[in-house]
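> Add 31 to the 1-based position in the sequence shown for the working numbering, that's all there is to it.
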Amino acid sequence: MRKLSTEEAELWERVTASIRPLSRDPEPKQEEPRPQKRPVPPPITRRSKGPPPRPSAAASTLAPRIANNLDGGWDRRLRAGAVEPDRVLDLHGHTLDQAWEAIDRTLERAVANGDRVVLLVTGHARPGDPPLQRGKIRAAVNDWLAVSRHSGRIAAVRAAHRRHGGGGSLYIILRR
Numbered sequence: 032m033r034k035l036s037t038e039e040a041e042l043w044e045r046v047t048a049s050i051r052p053l054s055r056d057p058e059p060k061q062e063e064p065r066p067q068k069r070p071v072p073p074p075i076t077r078r079s080k081g082p083p084p085r086p087s088a089a090a091s092t093l094a095p096r097i098a099n100n101l102d103g104g105w106d107r108r109l110r111a112g113a114v115e116p117d118r119v120l121d122l123h124g125h126t127l128d129q130a131w132e133a134i135d136r137t138l139e140r141a142v143a144n145g146d147r148v149v150l151l152v153t154g155h156a157r158p159g160d161p162p163l164q165r166g167k168i169r170a171a172v173n174d175w176l177a178v179s180r181h182s183g184r185i186a187a188v189r190a191a192h193r194r195h196g197g198g199g200s201l202y203i204i205l206r207r
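(1) Can you tell me which of R107, T126, S200, V172 puts its alpha carbon nearest to the alpha carbon of R118?
(2) Would you say S200 reaches chain D, if we count a Cβ-Cβ gap shorter than 9 Å as a contact?
(3) For D121, list the residues DSSP reports as bridge partners.
(4) So if DSSP puts V172 in a beta bridge, which residue, or which two residues, is it bridged to?
(5) Are the Cβ atoms of R194 and I204 separated by less than 9 Å?
(6) For S179, count neighbouring C-beta atoms within 10 Å of its own C-beta (all shown protein chains included) and say buried if the count is 16 or more, exposed if not.
(7) Can you check which of these residues, E38, G166, S36, is closest to H125 by C-alpha distance?
(8) Going by CA-CA distance only, name the one from A141, V152, G112, A143 that's closest to A130.
(9) Is it the case that the Cβ atoms of L120 and A133 are separated by a distance below 9 Å?
(10) Starting from A187 and walking both ways along the beta strand (DSSP E), at which residues does that stretch end?
(11) Kindly indicate which residue of V46, Y202, H192 has the alpha-carbon position closest to the one of N173.
(12) Just checking my contact of H192 with R110 at CB under 8 Å: how many whole Å lie between their CB atoms?
(13) In this structure, how does DSSP classify L127 when only helix, strand and coil are distinguished?
(14) Output needed for R184: all residues of its chain with C-beta closer than 7 Å, excluding positions within five of it in sequence on either side, in chain order.
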């Protein structure tokens, strides 16, 4: 490896001096893990006129209640992209609260109409350490579905075929 000339070294110093971090927020300090209490599932309540309650952090640590019990024929058709969704929900541009409400409303309508396959477009999860704060909806969807009031109606959740969005989308297959 060659050394930089004096001129190149000065130029490199100017370049590195102009670099700004992606976020000015300090990185969170890593605390020692605390012993966790067993989470209590949220109480089942009647549907009110307001937006659905968003799952709490404690509820998201519960084991999923989605059975994932499709037969091999379903899985083959989903992998081949041979299934057309009955309903599509695109969550691009939504906040976490808006996304949760939209998922709840869409599942409610799909169940009422007897739809079988819902395509949920979440966008790709973006791996990376902070300051990259993307993919929050995608990261939360499986937990939301597991604690949703519609979880008993969900037969399975599968990754979508490439023609339906691939890794940025999910199929939600509802029970009949």
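Glycine included, each C-beta is placed from N, C-alpha and C at the ideal position. All of these numbers come straight from a predicted model, not from anything done at the bench.
The structure says:
(1) S200
(2) Annotation note: the requested chain D is absent from the structure, which comprises a single protein chain.
(3) V152
(4) The partner list for V172 (beta bridge, DSSP) is empty, contrary to what the question assumes.
(5) no
(6) buried
(7) G166
(8) V152
(9) yes
(10) 185-190
(11) Y202
(12) 7 Å
(13) helix
(14) V142, L205, R206
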